[in-house]
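Asker: Please see the structure below; I have some questions.
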Amino acid sequence: MSAPAVEVRGLTKSYGAITALSGVDLRIEPGQLVGLLGPNGAGKSTLTKLICGLVRPSAGSATVLGHPAGSMASRARIGYLAELFRFPQWLTPDEVLRLHQRLACSGGGAVERGALLERVGLVDLGPRRVGEISKGMAQRLGLAQAMIGSPQLLLLDEPTSALDPIGRRLVRDILVGLRERGASVLLNSHLLSEVEQVCDSVTIIDAGRVVASGSVDGLRGGRVVEIETEAGIERFEATDREAIPARIRELVDAGRSVYGVRESGSSLEDAYLEAVKGAGE
Amino acid sequence: MSAATLSALAAGRAIAGYALRESLRRRILGVVGALTALFLVLFALGAHFAFEDSGRVGSELSTDGSGFADYRGATLLGLAMFATLFLGAVLATFLTLGVVRGDAEVGLLQSLLVRPVSRRTILVARLAAATMIGSAYVAGVFAISIGITALFGGYTPDNPIAVTLLLVLAVIAITAISLLASVFLSGTAQGITVLMIYGSGLTAGLLGQIGDALRAETLVNISRVTSWGLPFEALYQQALYMMSADRSAISKAVLGLGPFGGAVHSGPALYPFVVAYLIAMIAFAAFAFERRDI
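Below, the structure is given as structure tokens:
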């Protein structure tokens with residue numbers, strides 16, 4: 020049995036009198052896409068940095084694919100995009116990737132760099148340097164940098180914060196592609212809809228503690244779906260995603276015509292607000 | 083050599099290459115280049131007129147022509163050495179400005195640190211790049227200064243290579259101090275601190291001269307301890323001493339009154355001490371960097 024992509028147990032991080040994380044547990048399986056949600060200052064970035072090894076824990080443990088977080092072995096297997104990052108303004112995007120290839124010991128060469136730049140939509144930039152590209156382009160470059168060497172775990176801290184809707188769609192496609200090739204992703208985002216669309220499971224933290232965790236459907240507590248047929252609108256509670264096409268098939272097999280399907284039940288936003296509000300009370 | 087060592091070397095080369103390119107692109111290099119050109123032009127002019135004017139005076143007053151040429155040359159080159167070390171200190175400070183905390187604060191460092199490269203390797207590679215440029219700069223400027231005094235006054239110092247190496251070592255010491263400061267301080271605070279430390283070294287040298295003139299042993303001792311604590315000053319004083327080690331008493335006397343620290347013979351113990359000092363500084367910087375949350 021392969022080791023979990025991330026296993027965090029009782030992780031605590033204090034900065035002097037301030038406790039940023041308190042006894043956090045988190046497990047990400049290989050190939051799993053996990054969303055990390057929480058209000059500003061909840062400790063999401065600290066948790067991500069602890070898994071990367073940028074920050075040392077005050078207590079508890081974290082492993083990445085069976086290796087202690089922050090060790091050389093764990094860092095050889097991860098890609099990371101920080102929330103606030105900059106690349107040297109005087110390098111071209113290709114040179115940024117080349118530097119990271121050398122540091123990550125990636126033998127992908129120009130083929131890998133070209134493919135990654137194309138994957139994030141940064142082609143035809145010519146000799147433009149990082150200082151001459153937009154913030155959104157820099158964020159796409161950051162994502163390409165994180166994917167150097169095909170890491171088994173990606174830690175993405177607000178990867179779409181500077182992106183337009185097309186860029187966000189592109190990131191979602193990339194995340195799905197990463198899952199398909201078996202990579203695990205920890206997606207730290209404020210965009211609940213984004214997390215809802217791509218993540219397998221979600222962990223919500225508030226004030227440094229995990230306040231809710233589970234599958235997206237599980238956290239939503241079932242979905243009320245409205246199906247419009249010639250007989251009118253039928254409402255039913257879907258316990259999971261697969262229940263929706265199954266119900267439609269049943270209706271079609273019974274000779275009914277389906278004119279529309281829409282969701283009217285609670286969303287991840289409701290679950291998030293409830294979890295965060297509940298923790299604050 | 084193990085695979086891990088080879089991998090660390092390759093990563094170190096990549097970081098050093100990146101740091102070298104970054105250093106060469108810093109605006110400060112242009113500023114230091116312009117200041118250096120200005121200094122060398124003024125130094126050449128000054129040397130020309132100083133040798134010409136004092137040559138007339140010397141021929142009237144001196145019974146020993148060679149001793150007087152030494153006196154003039156030693157004075158001028160001693161001043162050039164001071165200016166070279168000052169410019170080298172400014173360059174060393176700015177080449178290492180914000181290398182750790184400064185870069186971390188603006189988000190430049192994080193993506194490098196999550197790569198499978200030790201922080202120690204990154205630090206040593208950055209030091210190597212800054213040292214390479216700083217050393218080449220100091221050696222080049224001082225060589226040109228020697229050429230100027232040789233051209234206009236026929237003066238060349240004793241032990242020119244040893245003197246140059248001592249100056250280079252002094253700049254490496256300043257670079258190491260600056261690198262250590264970069265672990266704890268952000269860019270501006272680091273720059274100010276390192277230049278103040280440099281000023282403290284110079285003041286210690288001046289204090290030693292005053293103590294020597296007043297026969298105040300305590301002052302001399304304070305100066306000596308501080309010079310070794312900030313060994314770029316001890317190296318500078320040793321370089322001044324080496325410059326006229328084999329010359330007449332008058333040259334030695336003049337260099338003994340050099341700007342901000344006269345010639346002092348620290349003896350052979352200085353060299354292993356400086357090597358140990360550099361190793362300790364780098365080791366402490368690496369230790370602090372490895373424990374620092376980014």
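Quick note, the sequences are listed as chains A and B, same order.
Residues 20 to 300, numbered by this note's numbering, are exactly what the first sequence covers, in order.
Residues 83 to 376, numbered by this note's numbering, are exactly what the second sequence covers, in order.
Beta carbons are placed, not taken as given, at the ideal position from N, Cα and C, and that holds for glycine.
Since the model is a prediction, treat every value here as computed from it, not as a measurement.
Name the DSSP bridge partner or partners of PHE255 of chain A?
Answerer: In the DSSP output, where bridge partners are listed per residue, PHE255 of chain A has A:VAL244.
Asker: Buried or exposed for LEU267 of chain B, going by 16 or more other Cβ atoms inside 10 Å?
Answerer: Label assigned to LEU267 of chain B: buried.
Asker: Check whether chain A comes within 8 Å of LEU194 of chain B, counting only Cβ atoms and requiring the distance to be less than that.
Answerer: For LEU194 of chain B, the answer is yes, since a Cβ of chain A falls inside 8 Å of its Cβ.
Asker: If you reduce the DSSP assignment to three classes, tell me which class SER80 of chain A lands in.
Answerer: Of the three classes helix, strand and coil, the one that applies to SER80 of chain A here is strand, per DSSP.
Asker: Look at ILE223 of chain A and LEU56 of chain A and say whether their C-beta atoms are less than 8 Å apart.
Answerer: In this structure, LEU56 of chain A lies closer than 8 Å to ILE223 of chain A by Cβ.
Asker: Quick check: LEU175 of chain A and VAL204 of chain A, are their CB atoms within less than 8 Å of each other?
Answerer: Going by C-beta atoms, LEU175 of chain A is nearer than 8 Å to VAL204 of chain A.
Asker: Report the partner residues of GLY54 of chain A according to the DSSP bridge assignment.
Answerer: For GLY54 of chain A, which the question treats as bridged, DSSP gives the partners A:LEU206, A:VAL221.
Asker: Where does ILE47 of chain A fall in DSSP's three states?
Answerer: It is a strand residue.
Asker: I'd like the span of the alpha helix (DSSP H) that includes SER89 of chain B, first residue to last.
Answerer: Here the alpha helix (DSSP H) through SER89 of chain B covers 85-107.
Asker: Please determine, among B:ALA156, B:LEU261, B:GLY235, B:GLY222, the residue with the shortest C-alpha to C-alpha distance to ALA368 of chain B.
Answerer: It is B:LEU261 whose Cα lies nearest to the Cα of ALA368 of chain B.
Asker: Please confirm whether LEU84 of chain A has its beta-carbon closer than 8 Å to some beta-carbon of chain B.
Answerer: Chain B contact via Cβ: absent.
Asker: Taking C-beta pairs closer than 9 Å, name the residues in chain B that VAL74 of chain A reaches, listed in chain order.
Answerer: The answer, in chain order, is ASP375, ILE376.
Asker: My guess is that VAL217 of chain A and ARG191 of chain A are in contact by the Cβ rule of under 8 Å, so how many angstroms apart are they, rounded?
Answerer: The pair is a contact, with the Cβ atoms about 5 Å apart (cut-off 8 Å).
Asker: DSSP state of GLY186 of chain A, grouped into three classes?
Answerer: In this structure, GLY186 of chain A counts as helix in the three-state DSSP scheme.
Asker: What is the rounded straight-line gap between the Cα of ALA165 of chain B and the Cα of ALA225 of chain B?
Answerer: ALA165 of chain B and ALA225 of chain B: Cα-Cα distance of roughly 13 Å.
Asker: I want to verify the contact list: residues of chain C whose CB lies under 8 Å from the CB of SER89 of chain B, in sequence order.
Answerer: Note that chain C does not occur in the displayed structure, where the protein chains are A and B.
Asker: Would you verify that the beta carbon of ILE267 of chain A is, or is not, closer than 8 Å to some beta carbon of chain B?
Answerer: Chain B contact via Cβ: absent.
Asker: So what does PRO87 of chain A bridge to, in DSSP terms?
Answerer: Beta-bridge pairing links PRO87 of chain A to A:THR82.
Asker: Hey, out of A:LEU160, A:LEU45, A:ALA88, A:GLY227, whose CA is closest to THR65 of chain A's CA?
Answerer: Considering only alpha carbons, the answer is A:GLY227.
Asker: CB-CB under 8 Å to LEU211 of chain A, same chain, minus the five flanking residues each way: which ones, in chain order?
Answerer: Cβ within range, chain order: LEU56, SER286, LEU287, GLU288, TYR291.
Asker: Got a sec: is the Cβ-Cβ distance from VAL190 of chain A to anything in chain B below 8 Å?
Answerer: No, VAL190 of chain A lies away from the interface with chain B (no Cβ there is under 8 Å from its Cβ).
Asker: For PRO354 of chain B, count neighbouring C-beta atoms within 10 Å of its own C-beta (all shown protein chains included) and say buried if the count is 16 or more, exposed if not.
Answerer: Under this definition PRO354 of chain B is an exposed residue.
Asker: Tell me where the beta strand (DSSP E) around ALA244 of chain B begins and ends.
Answerer: Counting along the chain, ALA244 of chain B falls outside any beta strand (DSSP E), though it belongs to the alpha helix (DSSP H) covering 242-266.
Asker: Considering only residues of the same chain and omitting the five flanking positions on each side of GLU114 of chain A, which have a CB-CB separation below 8 Å?
Answerer: No residues qualify anywhere along the chain.
Asker: Counting only the same chain and skipping the five closest in sequence on each side, list residues whose C-beta sits under 6 Å from that of ASP259 of chain A.
Answerer: Once the five neighbours on either side are set aside, the close Cβ partners of ASP259 of chain A are ASP236.
Asker: Measure the alpha-carbon distance for PRO146 of chain A versus GLY283 of chain B and round it to whole angstroms.
Answerer: Rounded to the nearest angstrom, the two C-alpha atoms are 46 Å apart.
Asker: Verify whether the separation of the beta carbon atoms of GLY79 of chain A and LEU30 of chain A is less than 8 Å.
Answerer: Contact flag set, yes.
Asker: Would you identify the three-state DSSP class for LEU287 of chain A, choosing helix, strand or coil?
Answerer: Three-state result, LEU287 of chain A: helix.
Asker: State the Cα-Cα distance for the pair LYS34 of chain A and TYR278 of chain A, rounded to the nearest angstrom.
Answerer: Note that residue 34 of chain A is Tyr in the sequence shown, not Lys. Taking the straight line from one Cα to the other gives about 57 Å.
Asker: Can you list, in chain order, the residues of its chain with a C-beta nearer than 8 Å to that of VAL43 of chain A? Leave out the 5 residues immediately preceding and following it.
Answerer: VAL27, GLY29, LEU30, THR31, GLY62, LEU66, GLY79, ILE224, GLY227, ARG228, VAL229.
Asker: Quick one, which residues of the region 165-192 of chain A are near chain B if we go by CB-CB under 7 Å, in chain order?
Answerer: Taking 7 Å as the Cβ-Cβ cut-off against chain B, none of the residues of the region 165-192 of chain A qualify.
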